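Visitor: After the structure tokens below, expect a handful of questions from me.
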Amino acid sequence: MVRMERRDFIRTSGVVGLVAGLRLTAQEASAQENAKPADAFALIGAPVVGHTTATESTILWAAKGPSTSWIEFGETPALGTRADNDADGLRPYDALMHRVTLSGLKPGTKYFYRTHTRAIDFKNGYSITPGETLVSEVGSFTTFNPRAEETSFL
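Under this note's numbering, the first residue of the sequence shown carries the number 40, and numbering increases by one thereafter.
Below you can see the structure in the form of structure tokens.
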């Protein structure tokens with residue numbers, strides 16, 4: 040059995056603990072520098088076109104993190120019209136799903152669209168900081184033509 044004085048034990052334990060702590064801190068710092076944040080703002084999948092009628096279509100998409108959104112759309116890939124999901128003068132924000140309904144469309148017409156999703160740092164009603172805006176690729180859909188003999192859902 041090895042006999043150790045109490046003071047030597049405390050001193051040795053303190054030095055070993057300090058060295059181990061410094062090593063862990065250095066490893067954590069290195070991992071944090073090299074790692075991409077798990078909660079980085081991003082789009083989740085592609086937009087989905089749904090509930091298309093002769094004069095309306097609803098586009099849904101998801102984002103990772105609180106954000107607000109809008110859509111550009113038009114009859115050509117140049118787009119030209121903006122649609123928001125405003126309600127009573129307020130632009131809603133959501134932590135996951137976005138939905139914008141395009142109305143006043145022409146029956147049997149091909150439309151092009153692109154989604155815009157802006158990250159929001161919402162601390163309170165007086166401290167709202169806009170962040171990065173993510174823009175989707177241009178997509179398209181065709182409104183239903185009530186006079187057509189057949190319709191495709193693809």
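Backbone N, C-alpha and C define an ideal beta-carbon position, used for all residues, glycine too. No experiment lies behind these values; they were computed from the predicted model shown.
(1) In whole angstroms, what is the alpha-carbon distance linking GLY147 and SER166?
(2) Grouping DSSP H, G and I as helix and E and B as strand, with all else coil, what is ALA117?
(3) Should PRO86 and GLY178 be called a contact, given that it needs their Cβ atoms to be closer than 8 Å?
(4) Using the Cβ count rule (16 or more neighbours within 10 Å means buried), how would you classify GLN139?
(5) Which first and last residues belong to the beta strand (DSSP E) in which VAL103 is found?
(6) Since I believe ARG153 is in contact with SER106 (beta carbons under 8 Å), could you give me their beta-carbon distance rounded to a whole number of angstroms?
(7) With H, G and I counted as helix, E and B as strand and the rest as coil, what does DSSP make of ALA79?
(8) Where does THR120 land, buried or exposed, given buried means 16+ other C-beta within 10 angstroms?
(9) Have a look at ARG186 and THR91 and give me their C-alpha separation to the nearest angstrom.
(10) Determine the DSSP secondary structure at GLY143, reduced to helix, strand or coil.
(11) If you check the beta carbons only, do ALA196 and LEU135 fall under 8 Å apart?
(12) Assign PHE180 to one of three DSSP states: helix, strand, or coil.
(13) Let me confirm a value: LEU63 is counted as buried when at least 16 other C-beta atoms fall within 10 Å, else exposed. Which label applies?
(14) Thinking C-alpha only, which one of VAL174, SER175, ASP160 is nearest GLU168?
Guide: Put simply:
(1) One Cα belongs to GLY147, the other to SER166, and the distance between them is close to 45 Å.
(2) ALA117 falls in the coil class under three-state DSSP.
(3) In this structure, the beta-carbon distance from PRO86 to GLY178 falls below 8 Å.
(4) The displayed chain sequence assigns Val, not Gln, to residue 139. That one is buried.
(5) In the sequence under discussion, the amino acid at residue 103 is Lys, which differs from the Val named in the question. Element bounds for LYS103: 95 to 103.
(6) At roughly 16 Å, the Cβ-Cβ gap does not stay under 8 Å, so SER106 and ARG153 are not in contact.
(7) It is coil, neither helix nor strand.
(8) Note on THR120: under 16 other CB atoms within 10 angstroms of its CB, so exposed under the neighbour-count rule.
(9) Between the C-alpha atoms of ARG186 and THR91 there is a straight-line separation of about 15 Å.
(10) In the three-state DSSP reduction, GLY143 falls in the coil class, being neither helix nor strand.
(11) Outside the displayed span of the chain (40 to 193) sits residue 196, for which this structure offers no information.
(12) If DSSP states are grouped into helix, strand and coil, PHE180 belongs with the strands.
(13) Bear in mind that a pLDDT of 45 at LEU63, under 50, signals an unreliable position, so the number given afterwards is only what the model happens to contain. Exposed.
(14) Here the sequence assigns Thr to residue 168, which means Glu is not the residue at that position. Answer by Cα proximity: ASP160.
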